[in-house]
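1 is the number of the first residue of the sequence shown in my numbering; add one for each residue after it.
Glycine is no exception: its CB is placed at the ideal position from the N, C-alpha and C atoms.
Take a look at the structure below.
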Amino acid sequence: MTKLKLALLMSLSLFIACSKDKDASPTPGGGSENGGGYEAPKTGKKGADFSTNTTNGTWYTNVVNLKSHWFYTWGTPLPARTVPQNCEFVSMFWGKGNVTDALIDSVKRMKAAGTVKYVLGFNEPDLGDQSNMTVQEALDLWPKLENIGLPLGSPAAAWPTQAWIYEFLDKAIQQKRRVDFICVHMYVGLDDVHFVKTLQDLYDKYHLPIWITEFATVDNNSTTIDGNMYRPDQVLAFMQRLLPKLEALPFVHRYSWFSGSPTSTRLWPSALVGADGKLTTLGQWYADYKPNTTVK
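Below, the structure is given as structure tokens:
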């Protein structure tokens, strides 16, 4: 074989190898210079989400009792009062009103102190009674969140296949905006198979890690407690089927069950904490599954 032929073959092999590497891991938000350096969380996947104003127990006691590995409160700064130890706080910019210099600086300080490692994007911007934002409004503010320099999760639409989140992610790709993982909310019935398929379809479309930041069983048509079509034992069986599947999915990096209020006609069977502040049967199973044994 002549030296010229050998050189051509080596060049062709190198080109093919590089092309394969380029196609292997599409990263829709990878064009930004303000990289967050995303790595999969080193903690367990299971988390907790409670407003600091919860009246069913206290938010921090609930996080501890559920043996969570991470938590968020829909707030941007770390709550000033008692906070769980050995449990990772995740900051959220709930809506456009949260994207202020003061709050951005507070997250940068937490980043420097090592107390926050990830940032969550806007909460249900597709709903009028939540953060209520257009896709363009979210994209206009996005560079400010990128500039924090932490791994950044997408806005979480009310359902992961809504047109809003598709438009946001598609335009983020076009504009070379950075989105490190997709945040999803999923309020469902009892079909764990369809739940997983929805996640798989979303991952196959964008090839980004997924955080399920809210999910639960809900009966949106129920107007009374007794009229709810689901019973706590059914929800427990659903959770017992679903969580092992979430643990097994490599692209699902975190999940956090939404604890419905025990007085909610739509969500009470999904409550993890009762009105007395004690864990429900569902909550106890959630606590015992993949527990964080060091949280306190």
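Beta-carbon separation of residue i and residue j under 8 angstroms?
i, j, result
"leucine 66", "glycine 260", "no"
"leucine 120", "threonine 213", "yes"
"cysteine 183", "tryptophan 211", "yes"
"lysine 171", "valine 135", "yes"
"valine 193", "threonine 217", "no"
"proline 291", "alanine 275", "no"
"tyrosine 118", "valine 90", "yes"
"leucine 202", "threonine 161", "yes"
"aspartate 204", "tyrosine 38", "no"
"lysine 297", "asparagine 147", "An answer regarding residue 297 cannot be provided, because it is not within the stretch 1 to 296 covered by the chain."
"histidine 253", "alanine 48", "no"
"methionine 239", "tyrosine 286", "yes"
By DSSP, does residue i sit in helix, in strand, or in coil?
i, result
"lysine 45", "coil"
"tyrosine 289", "coil"
"alanine 156", "strand"
"serine 91", "strand"
"phenylalanine 71", "strand"
"isoleucine 225", "coil"
"phenylalanine 168", "helix"
"phenylalanine 50", "coil"
"asparagine 132", "coil"
"asparagine 56", "coil"
"proline 282", "According to the sequence shown, residue 282 is leucine rather than proline. Helix."
"asparagine 220", "coil"
"asparagine 98", "helix"
"isoleucine 182", "strand"
Which two residues bound the contiguous alpha helix (DSSP H) that contains residue i?
i, result
"alanine 138", "135-146"
"serine 106", "101-113"
"asparagine 65", "59-65"
"arginine 241", "232-248"
Span of the beta strand (DSSP E) holding residue i?
i, result
"serine 256", "252-257"
"tyrosine 118", "116-120"
With a CB to CB cut of under 8 angstroms and the five nearest residues on each side skipped, what residues in its chain are close to residue i?
i, result
"tryptophan 94", "Trp74, Gly75, Thr76, Phe122, Asn123 and Ser131"
"methionine 229", "Asp219, Asn221 and Ser222"
"threonine 115", "Leu78 and Phe89"
Beta-carbon within less than 6 angstroms of residue i's beta-carbon, same chain only, minus the 5 sequence neighbours each way: which residues are those?
i, result
"phenylalanine 324", "Since the first residue shown for the chain is 1 and the last is 296, residue 324 is missing from the structure and cannot be characterised."
"serine 270", "Ala216, Thr217, Val235 and Gly260"
"phenylalanine 258", "Glu214 and Ala216"
"tryptophan 142", "Arg177"
Once you ignore the five residues that flank residue i on each side, which residues in its own chain have a CB closer than 7 angstroms to its CB?
i, result
"proline 79", "Thr52 and Thr73"
"arginine 241", "Asp192"
"phenylalanine 251", "Tyr203, Pro209 and Ile210"
Alpha helix (DSSP H) runs contained entirely in the stretch 184-216, provided each spans 4 or more residues: For the alpha helix (DSSP H) assignment, the uninterrupted runs of no fewer than 4 residues enclosed by the stretch 184-216 are, from N- to C-terminal side, 192-206.
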